[in-house]
Amino acid sequence: RLLVGNRDSEYCIVINDLEEEDGWFNEESVLLGKCCSSWRKKIFEILLGIQFDIPNNIEVTDRVSDEFYSYFQDVAKQNTLIYEKVFVTMKAQQTLKGIQGFVIQYLIYFLDKEDYLPI
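Under the working numbering, the residue at position 9 of the sequence shown is numbered 10, and the numbers go up by one with no gaps.
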């Protein structure tokens, strides 16, 4: 998905995943489409920086488990704190080495109390 100025571009593909493999969904054994499952796993590994040699990496097999959710939130929180620290004072290179993947905590209620009506 691409949000740029006055346009919103989105692509969609349909995949008939004919091969299945054993997998996990919320700590229960299930059959998963092999191609789509491997794509989802790779995307989450990239988002979380798991493709790098980091000691606390988690196995990305059950992406709806409590353990995975907790790990995802921890990485997002750590990255958010680092970004806030770096971009307030602009000390970038050394501090940015601690970033793992791309995820951060999203500000759900940012400006939700603001009144945008003209005065």
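Just so you know, even glycine gets a beta-carbon here, dropped at the ideal spot from N, CA and C. Here the structure is a predicted model, which is why all the values come from computation and not from measurement.
Per DSSP, Asp182 is paired with what?
The question about residue 182 has no answer, for the chain in this structure spans 2 to 120.
Where Gln79 sits in the DSSP three-state scheme:
helix
Using only the alpha-carbon positions, how far apart do Val31 and Lys78 sit?
31 Å
Touch check for the stretch 68–88 and the stretch 100–107: three-plus C-beta pairs under 8 Å?
yes
Can you tell me whether Ile14 is helix, strand or coil according to DSSP?
coil
Put Thr62 into one of helix, strand or coil per three-state DSSP.
coil
Below 8 Å on the Cβ atoms is my guess for Asp63 versus Lys35; work out the distance and round it to an integer in Å.
With 8 Å as the limit, Asp63 and Lys35 do not qualify as a contact, their Cβ atoms being about 16 Å apart.
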